[in-house]
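Letter by letter, the sequence shown follows residues 0 to 812 of numbering that gives the first Met the number 0. Note that CB positions come from ideal geometry on N, CA and C, so glycine has one too. Bear in mind the structure is a predicted one, so any value in this text is a computation, not a measurement. A quick write-up on the structure given underneath.
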Amino acid sequence: MQEFSRDLIPPDDSTIGKDNGIGDLARQCSQLAKEITTVLDKMKSKNPGSKREDLRSSFNVMRYGKKKEELQARLSRCREQLELYWSYETRKDLSALLSSAENTRSKMLLLQKQVEDLQRMNQRFSTESQKWMEGLLDISAGGYDIMLSKYLISSLTFESMNTRLDKVAQAHDDTLQWIFNGNYDDRNCDGFHKSFNTWLSDGDGIFHISGKLGSGKSTLMKLLYRDDRTKKRLIQWADGSELIMAQFFFWNPGSRLQKSMEGLLRSLLYEALKSGPSLVAEVLPQQWHQIKSTPLQAQKGTYFSLDDLFTAFDRLVRVRRQDYRICFFIDGLDEYDNSGNEDYADVVEQLCHWSQSPEGNVKFCVSSREYSVFMNHFPEHQRICMQDLTRVDIKQFILDKMEPFAHCHGLKYLVGMIEEKANGVFLWVSLVMRRLRDLNERGEATRVRLEIEIDNLPERLEDLFKHLLGSIHPADRNRVHQTFAIVQKLKEHDLLHFRLIWYYLIDDILSDLPDERLPSLFARWFNISKRNRLMQARKMLMDSSKGFVEATWHGQWDSHGRDKGKEENWIISFTHRSVPDFLQSYRSQEQEKHLKDFCLENAISRIFLLAIREGDMRLSGCDHVPEIVSYVMEARQRANISKQPFFYEEQLESVLARHGFTDLTGGRVACPVPPGYDNVEVIAILIPHCSSTESVFNPLHTAAFIGNYAYLRWKVKRDPSCIKVPLNIAIITYCHYRNLLQGTTRDSIFGDDGLSYHALTVQSSISPPLLKGLSVSNRCEELALWQHLALGLMVGFQYESHDPCSSGVGLFW
Numbered sequence: 000m001q002e003f004s005r006d007l008i009p010p011d012d013s014t015i016g017k018d019n020g021i022g023d024l025a026r027q028c029s030q031l032a033k034e035i036t037t038v039l040d041k042m043k044s045k046n047p048g049s050k051r052e053d054l055r056s057s058f059n060v061m062r063y064g065k066k067k068e069e070l071q072a073r074l075s076r077c078r079e080q081l082e083l084y085w086s087y088e089t090r091k092d093l094s095a096l097l098s099s100a101e102n103t104r105s106k107m108l109l110l111q112k113q114v115e116d117l118q119r120m121n122q123r124f125s126t127e128s129q130k131w132m133e134g135l136l137d138i139s140a141g142g143y144d145i146m147l148s149k150y151l152i153s154s155l156t157f158e159s160m161n162t163r164l165d166k167v168a169q170a171h172d173d174t175l176q177w178i179f180n181g182n183y184d185d186r187n188c189d190g191f192h193k194s195f196n197t198w199l200s201d202g203d204g205i206f207h208i209s210g211k212l213g214s215g216k217s218t219l220m221k222l223l224y225r226d227d228r229t230k231k232r233l234i235q236w237a238d239g240s241e242l243i244m245a246q247f248f249f250w251n252p253g254s255r256l257q258k259s260m261e262g263l264l265r266s267l268l269y270e271a272l273k274s275g276p277s278l279v280a281e282v283l284p285q286q287w288h289q290i291k292s293t294p295l296q297a298q299k300g301t302y303f304s305l306d307d308l309f310t311a312f313d314r315l316v317r318v319r320r321q322d323y324r325i326c327f328f329i330d331g332l333d334e335y336d337n338s339g340n341e342d343y344a345d346v347v348e349q350l351c352h353w354s355q356s357p358e359g360n361v362k363f364c365v366s367s368r369e370y371s372v373f374m375n376h377f378p379e380h381q382r383i384c385m386q387d388l389t390r391v392d393i394k395q396f397i398l399d400k401m402e403p404f405a406h407c408h409g410l411k412y413l414v415g416m417i418e419e420k421a422n423g424v425f426l427w428v429s430l431v432m433r434r435l436r437d438l439n440e441r442g443e444a445t446r447v448r449l450e451i452e453i454d455n456l457p458e459r460l461e462d463l464f465k466h467l468l469g470s471i472h473p474a475d476r477n478r479v480h481q482t483f484a485i486v487q488k489l490k491e492h493d494l495l496h497f498r499l500i501w502y503y504l505i506d507d508i509l510s511d512l513p514d515e516r517l518p519s520l521f522a523r524w525f526n527i528s529k530r531n532r533l534m535q536a537r538k539m540l541m542d543s544s545k546g547f548v549e550a551t552w553h554g555q556w557d558s559h560g561r562d563k564g565k566e567e568n569w570i571i572s573f574t575h576r577s578v579p580d581f582l583q584s585y586r587s588q589e590q591e592k593h594l595k596d597f598c599l600e601n602a603i604s605r606i607f608l609l610a611i612r613e614g615d616m617r618l619s620g621c622d623h624v625p626e627i628v629s630y631v632m633e634a635r636q637r638a639n640i641s642k643q644p645f646f647y648e649e650q651l652e653s654v655l656a657r658h659g660f661t662d663l664t665g666g667r668v669a670c671p672v673p674p675g676y677d678n679v680e681v682i683a684i685l686i687p688h689c690s691s692t693e694s695v696f697n698p699l700h701t702a703a704f705i706g707n708y709a710y711l712r713w714k715v716k717r718d719p720s721c722i723k724v725p726l727n728i729a730i731i732t733y734c735h736y737r738n739l740l741q742g743t744t745r746d747s748i749f750g751d752d753g754l755s756y757h758a759l760t761v762q763s764s765i766s767p768p769l770l771k772g773l774s775v776s777n778r779c780e781e782l783a784l785w786q787h788l789a790l791g792l793m794v795g796f797q798y799e800s801h802d803p804c805s806s807g808v809g810l811f812w
């Protein structure tokens with residue numbers, strides 16, 4: 000008991016809460032154990048065999064017997080309290096650990112240690128307490144498996160997995176409710192309402208939501224997936240089994256994984272296995288065995304090939320268990336990228352195959368445009384045609400948007416005109432209402448003018464796009480077309496956004512202002528408040544863009560709605576995903592004229608220099624400033640605008656230094672690849688015994704990584720002190736040799752003076768042992784820098800990453 004209680008006594012008095020409580024009980028137990036030991040010593044015979052000592056011992060047994068029994072009773076009560084208290088607190092710790100959303104390696108190691116501690120402590124507990132502790136051990140072991148499964152399936156995730164779902168517009172007030180409540184005034188709505196709700200609660204196979212471009216399919220799918228009424232009906236279908244819901248929203252303008260079969264399978268597997276972690280071992284048996292048999296310290300992210308994903312999903316839909324039922328929601332099948340080996344027909348075939356699982360545990364709700372391949376293969380009796388059902392919704396939407404026109408006579412007639420020409424397409428109505436509200440803002444919304452405007456609008460959406468594009472004011476056309484080009488380019492990367500507040504300086508950003516005059520331009524930025532900048536930017540955007548782009552919210556939501564106080568959370572995006580498709584396919588001579596001499600890369604690089612200069616690093620998107628710096632520098636090099644005297648690069652370094660992002664102070668030194676690459680490779684130097692995890696992204700390192708040696712040579716010649724830091728030499732030299740070996744450049748990083756600089760890498764003066772405090776192992780102290788470079792380039796080094804799917808190579812000291 001002394002040994003057990005001693006293990007539970009805190010080492011000092013700095014502990015609080017539960018540790019104080021356990022510590023007090025442990026001290027009491029320890030003190031009682033000592034007193035009992037003292038009493039027992041007095042009762043022992045000091046010289047066994049001696050009659051005198053035996054007589055004295057017998058007398059002491061009678062003398063101290065009652066006291067010993069009292070102490071033992073007190074110790075027993077104290078021990079019971081201590082065991083109960085410790086067990087209770089341990090259960091609380093385990094519950095908190097298991098309920099945590101994060102499943103990092105450190106937390107799994109902590110849980111593993113908890114299990115080992117419980118096993119060790121259990122041997123010292125009383126028989127009754129051991130039964131209690133066996134239950135805790137079961138919880139701990141089961142919890143460890145759950146955390147391990149979450150760690151495994153985290154390798155399935157990708158950054159843009161839920162981007163499309165989040166960006167789909169919410170249903171307008173009280174619209175689309177017929178899908179749940181029915182509409183007894185409209186036989187079509189009421190019939191489809193019954194068909195869909197019957198399928199939710201008792202149906203199987205595939206339910207198909209079809210519709211024209213812009214008819215509101217994605218909005219309805221988002222409503223269905225997130226509405227509690229859907230879940231309530233699916234629970235009836237589950238019939239006592241645990242219900243799992245998983246979703247994927249295809250998005251053709253997005254990243255490769257957002258429009259591919261790989262992205263679909265990754266997302267659905269992750270969503271399903273996250274909700275049903277006990278399925279992981281059955282669905283991913285090889286990966287589960289590997290991760291279970293590998294020590295945590297040696298764990299790395301699991302790689303899933305496309306074949307692995309297909310095999311896993313086949314297992315998921317055919318798992319022979321009655322305790323789970325899964326409903327998948329897949330939006331935008333027509334957004335699938337069918338330019339590769341597989342087309343729409345292959346996707347349809349796979350979905351039909353999966354939906355026919357003999358176990359009947361899975362079903363699919365899908366949406367698409369009315370392409371023949373979807374209409375011919377999905378069951379007609381389980382289909383909704385959006386444009387046939389949204390008449391009431393569109394009328395309500397028009398009435399709400401026409402409130403500012405209450406002064407106009409014949410309003411009912413105008414609403415009927417719009418409703419008739421809409422043909423069930425919400426996007427058409429939305430664009431038209433923007434146009435009419437713009438007329439109202441200019442004081443031109445007379446009945447005659449509105450009637451002429453509506454009458455002249457084409458009914459086909461593509462024709463409406465052309466009409467609106469041609470109606471842009473000639474003075475605004477340069478700005479508008481170049482804005483479209485910027486938004487189109489930035490939407491290729493999830494990390495990059497065009498913030499509305501930056502639009503305040505859009506004319507200066509798009510001008511041919513030389514880089515050396517940028518500081519004077521940015522000085523104007525602070526002469527007006529953020530709110531006024533935002534208001535002016537919104538007016539400039541809305542007045543000229545004709546509804547092709549809009550300001551959308553990209554921040555966090557709270558219980559009171561949007562936090563509109565954070566101006567930087569408004570971004571510029573296309574009104575609908577069909578807009579960039581139209582702009583890309585419809586490149587008129589007029590558009591080409593406005594983009595002829597426009598340098599897209601120069602405009603984007605100026606935008607992000609402004610963002611970093613302002614000081615709020617979140618402006619550029621979720622703390623991804625390293626990737627943005629790499630993206631900008633790589634874009635400027637590709638466009639051949641990174642030239643002497645490198646005014647832009649110098650200003651970039653200056654604003655980064657102002658915020659402390661260029662100093663080699665310890666931690667992680669990283670040069671990330673620009674966004675858009677399939678695998679995120681990072682050249683890193685990890686400094687041991689340093690708790691910092693900051694990333695240092697000096698433009699000098701980035702230039703070496705992307706092969707911009709012209710800037711690198713110019714910078715070194717202008718400021719030789721920049722390579723006097725040994726770590727700078729290590730990073731630059733590593734990047735150079737890496738680029739040479741990978742064949743990404745034939746240029747020399749050192750120019751004509753190459754030999755003298757190459758010699759630096761073999762001098763012992765810059766070998767790792769002399770880099771103060773950076774030596775991690777005596778075995779490495781005799782290696783010069785060139786030897787470390789050779790090892791890193793030929794063998795490669797892995798470092799722990801927050802993203803288990805990312806890979807990296809690095810130099811270690």
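Could you give the C-beta distance for residue i and residue j, rounded to a whole number, given that I count them as a contact under 8 Å?
| i | j | result |
| --- | --- | --- |
| Phe425 | Thr482 | Wrong, their Cβ atoms sit about 24 Å apart, outside the cutoff. |
| Leu438 | Arg265 | Going by Cβ atoms, the distance from Leu438 to Arg265 rounds to 47 Å, so no, they are not a contact pair. |
| Ser572 | Val486 | 7 Å |
| His480 | Gln590 | 6 Å |
| Ser843 | Thr701 | What is shown of the chain runs 0 to 812, which leaves residue 843 out entirely. |
Measure from the alpha carbon of residue i to the alpha carbon of each residue in the options, then state which is nearest.
| i | options | result |
| --- | --- | --- |
| Ile640 | Ile500, Lys230, Asp514, Leu499 | Asp514 |
| Arg320 | Thr310, Val282, Trp287 | Val282 |
| Ala484 | Asp307, His288, Asn601 | Asn601 |
| Ser544 | Pro284, Leu463, Arg476, Glu69 | Arg476 |
| Tyr224 | Phe248, Gly213, Arg436, Asn697 | Phe248 |
| Ser159 | Leu263, Asp718, Gln583, Met385 | Leu263 |
| Asn196 | Leu164, Thr229, Gly204, Lys642 | Thr229 |
| Asn568 | Ser200, Val578, Lys529 | Lys529 |
| Leu308 | His288, Pro284, Arg324 | Pro284 |
| Phe646 | Arg605, Ser274, Ile627 | Arg605 |
| Asp333 | Cys721, Ser217, Leu413, Lys595 | Ser217 |
| Arg433 | Phe312, Cys407, Ala474, Thr574 | Thr574 |
| Gly423 | Lys400, Asp454, Leu410, Glu458 | Glu458 |
| Tyr343 | Ser371, Ile325, Ser356, Phe328 | Ser371 |
| Asn360 | Asp345, Gly253, Glu450, Leu242 | Leu242 |
Any idea which residues DSSP pairs residue i with across the strands?
| i | result |
| --- | --- |
| Met244 | Cys326 |
| Gly204 | Lys362 |
| Ala550 | Ile571 |
Flag residue i as yes if its beta-carbon sits less than 8 Å from any beta-carbon of chain C, otherwise no.
| i | result |
| --- | --- |
| Pro513 | This model lacks chain C altogether; it includes just one protein chain. |
Can you tell me whether DSSP reads residue i as helix, strand or coil?
| i | result |
| --- | --- |
| Arg626 | According to the sequence provided, residue 626 is Glu. The question's Arg does not apply to it. Glu626: helix per DSSP, three-state reduction. |
| Ala237 | helix |
| Ser367 | strand |
| Ile383 | strand |
| Ser209 | strand |
| Arg498 | strand |
| Gly190 | helix |
| Asp718 | coil |
| Pro768 | Interpretation of Pro768 is limited by its pLDDT of 35, a score under 50 that renders its predicted location unreliable; no figure is taken from the coordinates. |
Please classify residue i as buried or exposed, where buried requires at least 16 other C-beta atoms within 10 Å of its C-beta.
| i | result |
| --- | --- |
| Val316 | buried |
| Lys714 | buried |
| Tyr756 | With a pLDDT of only 44 at Tyr756, under the threshold of 50, the placement of this residue in the model should not be trusted, and no figure is reported. |
| Arg816 | The shown model of the chain, from 0 to 812, leaves out residue 816, and the question about it has no answer. |
| Leu822 | The requested residue 822 does not occur in the structure, where the chain is confined to residues 0 to 812. |
| Asp330 | buried |
| Ala32 | buried |
| Leu495 | buried |
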